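Be aware that the first sequence starts at 432, since it is given in this note's numbering, and climbs by one per residue.
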Amino acid sequence: MGASQTALPQRVVTRFAPSPTGFLHIGGARTALFNYLFARAHGGEFRLRIEDTDRARSTEPAIAAILDGLGWLDFDIDGDIVYQFARAGRHADVAHQLLAAGHAYRCYATPAELEAMREAQRAARLPMRYDGRWRDRTDWPNDLPYVIRLKAPRDGGVTIVDLVQGPVTVANAELDDMVLLRSDGTPTYMLAVVVDDHDMAVTHVIRGDDHLNNAFRQLALIHAMAGIEPGWQAPAYAHIPLIHGADGAKLSKRHGALGVDAYRDDMGLLPEAVENYLLRLGWGHGDDEFITRAEAIGWFGLDGVGRSPARFDLKKLQSVNGHYLRLADDARLVALISPRLVTGLARNIDAADHDILQRSMAELKKRANNLNDLADSAHFLLRSRPIPVDAAAMKLLALAPQGLLALARAEFAALALWSAPALEAAARSMADTLAVKLGQVAQPLRAAVTGAAQSPGLFDVMAILGRDEILGRIDDAQTLMEGQLP
RNA sequence: GGUCCCUUCGUCUAGCGGUCUAGGACGUCGCCCUUUCACGGCGAAAACACGGGUUCGAUUCCCGUAGGGAUCACCA
Numbered sequence: 432m433g434a435s436q437t438a439l440p441q442r443v444v445t446r447f448a449p450s451p452t453g454f455l456h457i458g459g460a461r462t463a464l465f466n467y468l469f470a471r472a473h474g475g476e477f478r479l480r481i482e483d484t485d486r487a488r489s490t491e492p493a494i495a496a497i498l499d500g501l502g503w504l505d506f507d508i509d510g511d512i513v514y515q516f517a518r519a520g521r522h523a524d525v526a527h528q529l530l531a532a533g534h535a536y537r538c539y540a541t542p543a544e545l546e547a548m549r550e551a552q553r554a555a556r557l558p559m560r561y562d563g564r565w566r567d568r569t570d571w572p573n574d575l576p577y578v579i580r581l582k583a584p585r586d587g588g589v590t591i592v593d594l595v596q597g598p599v600t601v602a603n604a605e606l607d608d609m610v611l612l613r614s615d616g617t618p619t620y621m622l623a624v625v626v627d628d629h630d631m632a633v634t635h636v637i638r639g640d641d642h643l644n645n646a647f648r649q650l651a652l653i654h655a656m657a658g659i660e661p662g663w664q665a666p667a668y669a670h671i672p673l674i675h676g677a678d679g680a681k682l683s684k685r686h687g688a689l690g691v692d693a694y695r696d697d698m699g700l701l702p703e704a705v706e707n708y709l710l711r712l713g714w715g716h717g718d719d720e721f722i723t724r725a726e727a728i729g730w731f732g733l734d735g736v737g738r739s740p741a742r743f744d745l746k747k748l749q750s751v752n753g754h755y756l757r758l759a760d761d762a763r764l765v766a767l768i769s770p771r772l773v774t775g776l777a778r779n780i781d782a783a784d785h786d787i788l789q790r791s792m793a794e795l796k797k798r799a800n801n802l803n804d805l806a807d808s809a810h811f812l813l814r815s816r817p818i819p820v821d822a823a824a825m826k827l828l829a830l831a832p833q834g835l836l837a838l839a840r841a842e843f844a845a846l847a848l849w850s851a852p853a854l855e856a857a858a859r860s861m862a863d864t865l866a867v868k869l870g871q872v873a874q875p876l877r878a879a880v881t882g883a884a885q886s887p888g889l890f891d892v893m894a895i896l897g898r899d900e901i902l903g904r905i906d907d908a909q910t911l912m913e914g915q916l917p
């Protein structure tokens, strides 16, 4: 079957190689995660290479977004970041070495000519491949531009023992002679990756399975170089399936192909939740659902990665996030929602607000699955009086037992100790006095105190907000209800 | 269309020839807890794409069919 791969190298080096033409999307984040985990699991290096050879589409902001995203996810990068464009000279050198050694050749076919060739192949229903028309020619028109193409083997086949896909064989006849160096002297992606991976001593190429077909061509290039420069050998490959949208189609913006910044800022997710979700997407460890970074490093293996594309499920992501939210440190969550509250409140968070948030957080975080909902649910705590009362709460107030608010105001004002248990005891005794269930007392009070029909434990909220504020809010509700009377 | 890859509940998955009356999670529904909403607990419905083999025995192995995906640039 021709070329095969060498045994597993001792020292592991993986790399994440995004092209900076947009944000770091969720699929890229998963590829980065797998590379990161694999490197750490083997005590190896995780490197970053920015594939910026497409000068027209590569941007500085995109590079910043990628770095920002990786930082947020806390994937520490080893060594210097490699910028591919800066290595164009080295790439061209390799192409010329190949040319000199007879492993590559000049092709003078014009783009128009190639297009015509493909058109003819399309019409004849033949596979569309470069036909090798300049492969053996030497009658070069020296004043015309040419590209350098790899003189790939035509017989036999190549087998890649992919760490995820298993052995995959392709006949060399299926592959054509790819362009290495463009007519303007710049390297193509195919050349650049191979040279960079070699020069960076990458041992394991873990990437999306959209690159699987490329791997065969890249292997041909590596084998050609192996005969010229010592030390060239094929890396191990692992092509992981792409993530699909909820409808099974390619992931689009509509269902989650967003930058990780959107997951952080717009959706209010925690990085550890995104990481855990991404890890479990296409990979599993028994029945384990929540896996720490340390466990992931201990357990992760390429052989456990599924071979079929997984669908992206936002509901589950939210649920996983809710789990991590409940686990998260209260102070951290207060810090995370504060900016969101500032926007909603149109004022800054002061020390008193901070204290209220900190004391409420343990209860608040049980009721939210993301930072946005968490901030929303904390909003009522910090609002200045009179707080807005929503429709459901209005209804509760309207249905309140006669004289409840006035009674409650008096009882609470007279309370010796302002604590949750004392407040609850007072409310229970009021219910007895009025001969109603506790709920008929608590619900209208909740409406008055929180402006909503649902909230964290009423008496905890009251204890945290303090007597003055609560009495004030009850007064406001009474005023409000008086205004509602016909 | 050629080539390559894939196929367990709606979704993510466990399963690596008998332990499967197919397990877990999200979602859905019901019950419990309870001052509301959550959290938490308990429970229910829900899958081995289809057809052939191989085997004493297939969800697990092989081959077809169907369906899905990837890729076929002087883009990465």
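We put the beta carbon where it would ideally sit given N, CA and C, even for glycine.
Please read all numbers here as calculations on a predicted model, not as lab measurements.
- For PRO702, the enclosing alpha helix (DSSP H) begins and ends at 702-711.
- The residue among TYR561, GLN515, GLN552, ARG580 with its C-alpha nearest the C-alpha of HIS534 is ARG580.
- For ASP509, the closest C-alpha among the options GLY502, ARG478, ARG488, THR490 is that of ARG478.
- In the DSSP assignment, TRP730 is bridged to no other residue.
- No Cβ-Cβ contact shorter than 9 Å links LEU896 with ILE768.
- At least 9 Å separates the beta-carbon of ASP608 from that of VAL599.
- A straight line joining the alpha-carbon of HIS527 with that of ILE653 spans about 14 Å.
- Here DSSP, grouped into helix, strand and coil, assigns PHE477 to strand.
- In the DSSP assignment, THR864 falls within the alpha helix (DSSP H) that extends over 851-865.
- Secondary structure note for ASP593: it is in no alpha helix (DSSP H), and the uninterrupted beta strand (DSSP E) holding it is 588-593.
- Under the three-state reduction of DSSP, VAL633 is assigned to coil, being neither helix nor strand.
- Minimum Cα-Cα distance from LEU812 among the listed residues ALA823, ALA822, GLU794 corresponds to GLU794.
- Relative to SER886, the option among ALA487, THR445, ALA809 whose CA is nearest is ALA809.
- Between the region 704-723 and the region 741-758, the count of C-beta pairs closer than 8 Å reaches three or more; the two stretches touch.
- Distances from the CA of ALA806 to each of HIS785, LEU772, ALA783, GLY834 were compared; the closest alpha carbon is that of LEU772.
- Counted as a single uninterrupted DSSP element, the beta strand (DSSP E) harbouring ALA535 occupies residues 535-538.
- By a beta-carbon distance limit of 8 Å, GLY882 contacts ALA824. Their separation comes to about 6 Å.
- Per DSSP, reduced to three states, the secondary structure at ILE674 is strand.
- Take the alpha-carbon of LEU709 and the one of ARG790: they are about 32 Å apart.
- The alpha helix (DSSP H) runs of length 4 or more contained entirely in the region 599-644 are, from start to end of the chain, 620-630.
- The three-state reading of DSSP puts ARG446 in strand, counting E and B together.
- DSSP, read as helix, strand or coil, puts ARG648 in helix.
- Under the Cβ criterion (8 Å, minimum of three pairs), the region 609-627 does not count as touching the region 487-499.
- Around the C-beta of ALA727, 16 or more other C-beta atoms lie within 10 Å, and the residue is accordingly described as buried.
- When secondary structure is reduced to three states using DSSP, VAL820 falls in the coil class, being assigned neither helix nor strand.
- Following the DSSP letters along the chain, one finds ILE579 inside the beta strand (DSSP E) bounded by residues 578-581.
- Bridge partners of ARG742 according to DSSP: HIS675.
- In this structure PRO672 is not in contact with GLY717, their Cβ atoms being roughly 21 Å apart against a cut-off of 8 Å.
- Counting every other CB atom within 10 Å of its CB across the protein chains shown gives TRP571 a total below 16, marking it as exposed.
- Taking 9 Å as the cut-off, the Cβ atoms of ASN466 and THR445 count as close.
- Going by beta carbons, HIS456 and GLY834 fall outside the 9 Å limit.
- HIS456 is bridged by DSSP to GLY690.
- Each of ARG859, VAL867, LEU889, TYR514 was checked against the Cα of LEU876, and the nearest Cα belongs to LEU889.
- Comparing alpha-carbon positions, the option among VAL610, ALA470, ARG442 lying closest to TRP565 turns out to be VAL610.
- Between the C-alpha atoms of ALA853 and ARG859 there is a straight-line separation of about 10 Å.
- For GLN874, the enclosing alpha helix (DSSP H) has its first and last residue at 869-881.
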